[in-house]
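Colleague:
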Amino acid sequence: MVDLIGQYQKIKPEVDKAIHEVLESAYFVGGPQVKQFQQNLENYLGIKHVIPCANGTDALQVALMALNLQPGDEVITTSFTFIATAEVIALLNLTPVLVDVDPDTFNIDPDAIEKAITPRTKAIIPVHLFGQSADMHTIKEIAKKYDLYIIEDTAQAIGASYTCRVHDKTKKAGTLGHIGCTSFFPSKNLGAFGDGGAIFTDDDDLAEQMRVVVNHGMKVRYYHDYVGVNSRLDTMQAAILDVKLKYLDEYAKARQKAATYYNNAFANHPKIKTPVTASFTDHVFHQYTLVLTDVDREGLMKHLADKGIASAVYYPVPLHLQKAYLDPRYKEGDFPVTEQLAKSVMSLPIHTELTEEIQKEITDAVLAFVGS
Ligand SMILES: *Cc1c(COP(=O)(O)O)cnc(C)c1O
3 MVDLIGQYQK
13 IKPEVDKAIH
23 EVLESAYFVG
33 GPQVKQFQQN
43 LENYLGIKHV
53 IPCANGTDAL
63 QVALMALNLQ
73 PGDEVITTSF
83 TFIATAEVIA
93 LLNLTPVLVD
103 VDPDTFNIDP
113 DAIEKAITPR
123 TKAIIPVHLF
133 GQSADMHTIK
143 EIAKKYDLYI
153 IEDTAQAIGA
163 SYTCRVHDKT
173 KKAGTLGHIG
183 CTSFFPSKNL
193 GAFGDGGAIF
203 TDDDDLAEQM
213 RVVVNHGMKV
223 RYYHDYVGVN
233 SRLDTMQAAI
243 LDVKLKYLDE
253 YAKARQKAAT
263 YYNNAFANHP
273 KIKTPVTASF
283 TDHVFHQYTL
293 VLTDVDREGL
303 MKHLADKGIA
313 SAVYYPVPLH
323 LQKAYLDPRY
333 KEGDFPVTEQ
343 LAKSVMSLPI
353 HTELTEEIQK
363 EITDAVLAFV
373 GS
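Quick note: the sequence shown, position 348, residue 350 per my numbering, numbers continuous.
1. Indicate the three-state DSSP secondary structure (helix, strand or coil) for Ile160 in the structure shown.
2. Within 10 angstroms of its Cβ, does Glu76 collect 16 or more other Cβ (buried), or is it exposed?
3. CA-CA distance, Ile13 and Tyr253?
4. Grouping DSSP H, G and I as helix and E and B as strand, with all else coil, what is Gln134?
5. With hydrogens ignored, establish whether the beta-carbon of Gly58 is closer than 6 angstroms to any heavy atom of ligand 1.
6. What residue does the alpha helix (DSSP H) around Met3 start on, and which one ends it?
7. How big is the Cα-Cα spacing for Ile85 and Pro277?
8. Would you say Val24 and Thr80 are within 7 angstroms of each other, going by their C-beta atoms?
9. On the DSSP letters alone, give me the boundaries of the beta strand (DSSP E) that Ile85 sits inside.
10. Could you check whether the Cβ of Ala157 sits closer than 6 angstroms to any heavy atom belonging to ligand 1?
11. Using only the alpha-carbon positions, how far apart do Ile119 and Ile78 sit?
12. Ordered along the chain, which non-local residues of its own chain (more than five positions away) have a Cβ less than 8 angstroms from that of Asp204?
13. At what residues does the beta strand (DSSP E) containing Phe337 begin and finish?
14. Per DSSP, Asp155 forms a beta bridge with which residues?
15. On a Cα-Cα basis, can you pick out the residue from Val319, Val216, Val372, Leu208 that is closest to Gly198?
16. Indicate the three-state DSSP secondary structure (helix, strand or coil) for Glu26 in the structure shown.
17. Looking only at C-alpha atoms, which of Asp5, Tyr148, Leu235, Ile21 sits nearest to Gln40?
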């Protein structure tokens, strides 16, 4: 689905130099590269505070921990996302409240959010799924009306720009709510050579609280005011990410170009729906996801695999139907859009190293199976 070796080869001298500097300094945790990357990411995102951490799941957990919520408080999120989003809510003894998504963008449906609000609702976690921003204007209006926190899960959309259709201001996805969370898992759009994550906010108090939480709940060394966690981005990953951050916009352009090729190849196909980008966001195509109608999806995936072509289903099981998250509040049929997408989506390889020759092979193989 990605070509991390090809991507590395293109920037190898720069990355190797950065890695060797860390090796020579032996400053493996808390080295100056961490602060440097933090500042460069703050500038890139146009946000006051970036707090680096160990991974995207921790980012979400730390964000929730900083809000001082009580057990049983409700957090609304989407049923169509990677498990991490709901996992951290459950881990903290908060109650995940799931809602359905928009069938075109796959992102959380703001009307469904408003319907799910109760007196115990404290926060909303919109996920900017597959690389485009959720409808943040509407979500922010709802959050204001009901006094809720917004934590954006932008693990898949770092670098995407969102333009408010009312205020006409453009900001980066992840900088629109109270807190944004991202992941530097190797296959993400800004990928480390291992795990990594970051939390962003413009709020000084939340930033201070989250810096304390990621560091064992400690403000003064060995004095612990809160129960925290140990979540750090190590120096090596920060050094690598600082090199790759310079290429993030270029990487997004390469992904967008690849998406356009696929869009053209499948245009107006009766059985293949290509990705729809909402008017208020651009799309950085963390995934390129088709919706198939009347197609034997498993058969198609096997046909592609036989030709050495990767494909994947993100995500085959909605959260409310996952064994660990079964809950008497929910049953099959509650989130029809999510359930239909889980049965009919399929993602094709999308990354920075695709060529038109490779893409032609992929689209020819898909069309040979589905019919053109
Ligand atoms: C990858 C991802 C995460 C978790 O990130 P990790 O760094 O793997 O912990 C959370 N949410 C979404 C939507 C993701 O895609």
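For every residue, glycine included, the Cβ atom is placed at its ideal position computed from N, Cα and C.
Modeller: Reading off the structure:
1. Ile160 falls in the coil class under three-state DSSP.
2. Flag for Glu76 reads buried.
3. One C-alpha to the other measures close to 12 angstroms.
4. Collapsing the DSSP output to three states places Gln134 in a strand.
5. Gly58 Cβ: within cutoff of ligand 1.
6. Judged by DSSP secondary structure, Met3 falls outside any alpha helix (DSSP H); it is assigned neither H nor E.
7. If you take the alpha carbons of Ile85 and Pro277, they lie about 22 angstroms apart.
8. Contact: no.
9. Looking at the DSSP string, Ile85 is not in any beta strand (DSSP E), and its letter there is neither H nor E.
10. Under cutoff, so the answer is yes.
11. Between Ile119 and Ile78, the alpha-carbon positions lie close to 8 angstroms from each other.
12. Taken in chain order, the residues that qualify are Ile49, Lys50, His51, Thr177.
13. Run containing Phe337: none; DSSP gives neither H nor E here.
14. Its beta-bridge partners are Val129, Cys183.
15. Minimum Cα distance to Gly198 is reached at Val216.
16. Glu26 falls in the helix class under three-state DSSP.
17. Of the candidates Asp5, Tyr148, Leu235, Ile21, the one whose C-alpha sits nearest the C-alpha of Gln40 is Leu235.
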